[in-house]
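Below is one structure, written out as structure tokens; the observations come after it.
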Amino acid sequence: MTSGSMPNRGLASDPPLFWPALVDVLRQYPSYSSYSAVLAFGNTSQKVQRILSPEHIGLCGLFRLRECQRVLVAQWSDAVVPCYLAQAGHEIHLASSNLDVNYAAELLCEGLANFSVSNDLPGDAAADDSVTTRFDVILIGGLGKNGELQKALLNKLITECLVGGGFVVIADPSNSEEESLGWECDIRKSPPRHVANEQVLVFPSLASPQFLIREAFLQEQKGAWRHIAKYIDESGRPRAAGLTPEERVWQTFERHQDLPLSDIDRYQIFYETSQHDEPPLAADFLHSSIGARRQQFWTQTVKPRGEGFVRRCKAPLNLGDSSGLNVESDLGFAHLCESEAYRPGETLSERMLKALQSGSEPGIAFGSLAKQYYLFLSEQLNGRSVKLVDLLPDNIVVEGQDTFNTIDQEWTTTDSEFDADVAFIRGLVYFLSRNTLALDRLVQARYFGSTHGDFLWGVIKDIIGSPDRLTQLLV
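Using my numbering, read the sequence shown as starting at 1167 and increasing by one per residue.
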């Protein structure tokens, strides 16, 4: 069935998975600007979020894709990836026994001649071994019904894809109820035999793929563990809010190349090395900033493979014109989408926590860092008409004893009241909120008082004097 022949049907669910208002939105896609608002509506189930969440487009930003590729999407769990690829001009065939995914994809791709969908794999592959059904890219989410038959057919299609210079991506959830499907073994024992297998770790999960990172990059780049330690703790479980990474433990993991990754969702990528001058996997990592943001501020931050910079760009999902406030003209803020140097080192936030853990008098160790932070803010902001906004401790990398470098600078402002004093207090509040549990466990943090408010005002008074003039701005 192609999108052109899609009937106006409901799904066998009680109550319907896609309520009428959502169906109307999907039929207008991509011109409808409230796609994300409808997804955030109170009765949106986790299943609907999984099928329609825009975060899934991050996968498409990892690879080198030539124009007009033939792509098979088999038993995939979301409709966003096939829809995005179809809108990008690729020829997409979605083969899925999940009627909900099929229905959503048909709605999103309605009118696109380069999109087709069926409940099973392409019939030619099943009916006649002499018929070649070739794809340039194959994405596999699972086996679906008739698992062994599906696997045999997919192996045939995979072999043809790899021989022809294509690549295969397989979603590999860590908590799958099925036994391992053994794709690597099957692919390697079938022609072609020179098959590379790369893995991309997915955080926090395949259902919510906010951050994707090439597993080998964690071994190649010293300090890259910091990217994943914000998502998982030292045991590999999801990190509890407010708990900070144990740097020495992670450094030991890194030294022995034994990071706690066994329970992490991932994508496996296969390709025939003799058919590629360079790997199809073109990124070291990709971060999608979508969540509760307005659509016009959805971004992807990508580190190209082997390069020393990261690039921030608008999320490449066409959701039409976004209505609402123009922050640049109305409030004097501007949203930055540009490249900056990749700096994987220790952040000021981490250095501040170390100062409180060191056993030295907090007024000296932490106070010295706080003063350096304030002086750095003064250099960055005072006397400038256009000012960086994201000058937070997590967004400053410290090199040596006193060299501060900014990272992840996404906003600027022309607001004359945004000065070093305001930025300093903002940064301290952010530091407190991000490290609440860690600070509560440190006796040294009580040097400035027994509460977080005491801590905040104590540091402020030591650095900039009375905060009274700033009270109105901070309320």
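The beta carbon of each residue, even a glycine, is placed where N, CA and C say it ideally should be. Bear in mind the structure is a predicted one, so any value in this text is a computation, not a measurement.
For residue i, the three-state DSSP class (helix, strand or coil)
{"i": "valine 1555", "result": "coil"}
{"i": "glutamine 1376", "result": "strand"}
{"i": "isoleucine 1336", "result": "strand"}
{"i": "serine 1346", "result": "Bear in mind that a pLDDT of 47 at serine 1346, under 50, signals an unreliable position, so the number given afterwards is only what the model happens to contain. The answer is coil: DSSP assigns serine 1346 none of H, G, I, E or B."}
{"i": "threonine 1418", "result": "helix"}
{"i": "serine 1284", "result": "strand"}
{"i": "asparagine 1601", "result": "coil"}
{"i": "cysteine 1327", "result": "helix"}
{"i": "phenylalanine 1499", "result": "strand"}
{"i": "alanine 1481", "result": "coil"}
{"i": "asparagine 1268", "result": "helix"}
{"i": "glutamine 1365", "result": "strand"}
{"i": "tyrosine 1437", "result": "strand"}
{"i": "leucine 1248", "result": "Here residue 1248 is proline; the residue named in the question, leucine, does not match the sequence. Proline 1248: helix per DSSP, three-state reduction."}
{"i": "leucine 1260", "result": "strand"}
{"i": "serine 1616", "result": "coil"}
{"i": "leucine 1183", "result": "coil"}
{"i": "alanine 1254", "result": "coil"}
{"i": "proline 1370", "result": "strand"}
{"i": "serine 1632", "result": "coil"}
{"i": "isoleucine 1306", "result": "strand"}
{"i": "asparagine 1321", "result": "helix"}
{"i": "glutamate 1583", "result": "coil"}
{"i": "isoleucine 1430", "result": "coil"}
{"i": "isoleucine 1223", "result": "helix"}
{"i": "valine 1191", "result": "helix"}
Option in the options with minimal Cα separation from residue i
{"i": "histidine 1360", "options": "Leu1598, Ala1521, Gln1466, Glu1438", "result": "Glu1438"}
{"i": "aspartate 1450", "options": "Gln1466, Gln1434, Tyr1433, Arg1471", "result": "Arg1471"}
{"i": "glycine 1332", "options": "Ala1279, Ile1629, Ile1435", "result": "Ile1435"}
{"i": "leucine 1603", "options": "Thr1410, Ala1187, Gln1461", "result": "Thr1410"}
{"i": "histidine 1422", "options": "Asn1285, Leu1384, Glu1527", "result": "Leu1384"}
{"i": "leucine 1622", "options": "Val1595, Val1609, Pro1375", "result": "Val1595"}
{"i": "serine 1515", "options": "Ile1324, Gln1466, Thr1572", "result": "Thr1572"}
{"i": "tyrosine 1508", "options": "Gln1387, Leu1427, Gly1619", "result": "Gln1387"}
{"i": "alanine 1382", "options": "Ala1362, Ala1481, Asp1190, Asn1341", "result": "Ala1362"}
{"i": "valine 1246", "options": "Arg1414, Ala1373, Glu1233, Ile1398", "result": "Ala1373"}
{"i": "glutamate 1400", "options": "Gly1408, Ala1407, Glu1412", "result": "Glu1412"}
{"i": "leucine 1541", "options": "Asn1561, Glu1221, Asp1568", "result": "Asp1568"}
{"i": "serine 1599", "options": "Gly1619, Leu1547, Tyr1269, Asp1443", "result": "Gly1619"}
{"i": "aspartate 1266", "options": "Gln1212, Asn1601, Leu1452, Pro1339", "result": "Gln1212"}
{"i": "aspartate 1574", "options": "Arg1478, Gly1408, Val1609, Asp1628", "result": "Arg1478"}
{"i": "arginine 1592", "options": "Ile1304, Ile1626, Ala1254", "result": "Ile1626"}
{"i": "valine 1189", "options": "Ser1551, Asn1341, Ile1630, Cys1275", "result": "Cys1275"}
{"i": "asparagine 1548", "options": "Lys1520, Asp1581, Ala1521, Val1214", "result": "Asp1581"}
{"i": "proline 1482", "options": "Ala1254, Gly1566, Asp1443, Leu1278", "result": "Ala1254"}
{"i": "glycine 1227", "options": "Gln1461, Ile1304, Lys1469", "result": "Lys1469"}
{"i": "glutamate 1506", "options": "Lys1537, Thr1513, Glu1473", "result": "Glu1473"}
{"i": "alanine 1271", "options": "Phe1184, Val1563, Ala1407", "result": "Phe1184"}
{"i": "leucine 1378", "options": "Ile1217, Thr1617, Leu1225, Gln1546", "result": "Leu1225"}
Residues near residue i in its chain [Cβ-Cβ closer than 8 Å; skip 5 each side]
{"i": "glutamine 1241", "result": "Ala1261, Ser1262, Ser1263, Asn1264, Ile1306, Gly1307, Gly1308, Leu1309, Gly1310, Gln1316"}
{"i": "glycine 1107", "result": "One cannot answer for residue 1107 here, as it falls past the ends of the chain, which runs 1167 to 1641."}
Beta-carbon contacts of residue i that lie in its chain and below 7 Å, excluding the five residues immediately before and after
{"i": "methionine 1518", "result": "Phe1532, Leu1535, Pro1559, Phe1597"}
{"i": "leucine 1425", "result": "Leu1384, Trp1391, Phe1419"}
{"i": "leucine 1543", "result": "Leu1557, Ala1586, Ala1589, Phe1590"}
{"i": "serine 1440", "result": "His1360"}
{"i": "arginine 1405", "result": "Lys1396, Tyr1397, Ile1398, Asp1399"}
{"i": "arginine 1230", "result": "Pro1446, Ala1448"}
{"i": "leucine 1608", "result": "Leu1522, Gln1523"}
{"i": "histidine 1222", "result": "Asp1244, Val1246, Val1247, Pro1375"}
{"i": "leucine 1192", "result": "Ala1270, Leu1273, Leu1274"}
C-beta neighbour in chain D for residue i, strict 8 Å
{"i": "proline 1482", "result": "The structure shown contains no chain D; it holds only a single protein chain."}
Bridge-paired residues (DSSP) for residue i
{"i": "phenylalanine 1532", "result": "Per DSSP, none; premise fails for phenylalanine 1532."}
{"i": "valine 1214", "result": "None; valine 1214 has no bridge partner."}
{"i": "glutamate 1233", "result": "For glutamate 1233, which the question treats as bridged, DSSP gives no partner whatsoever."}
{"i": "phenylalanine 1451", "result": "Ile1379, Lys1469"}
{"i": "tryptophan 1577", "result": "His1501"}
{"i": "alanine 1507", "result": "Phe1475"}
{"i": "leucine 1238", "result": "His1259, Ile1304"}
{"i": "isoleucine 1562", "result": "Thr1572"}
Sequence-distant residues of the same chain with beta carbon closer than 6 Å to residue i, five excluded per side
{"i": "serine 1371", "result": "Asp1431"}
{"i": "aspartate 1606", "result": "none"}
{"i": "isoleucine 1135", "result": "As displayed, the chain neither begins before 1167 nor continues past 1641, which places residue 1135 out of reach and without an answer."}
{"i": "leucine 1502", "result": "Glu1576"}
{"i": "glutamate 1345", "result": "Unreliable positioning characterises glutamate 1345 in this predicted model, as indicated by a pLDDT of 46, which lies under 50. A coordinate reading is not provided."}
{"i": "histidine 1256", "result": "Gln1235, Val1237"}
{"i": "aspartate 1302", "result": "Gln1235, Arg1236, Gly1332"}
{"i": "threonine 1579", "result": "Gly1498, Phe1499, Lys1553, Val1555"}
{"i": "threonine 1467", "result": "His1453, Val1476, Arg1478"}
{"i": "glycine 1239", "result": "Sequence inspection shows valine at residue 1239; the glycine mentioned does not correspond to that position. Result list for valine 1239: Pro1248, Leu1260, Leu1305, in chain order."}
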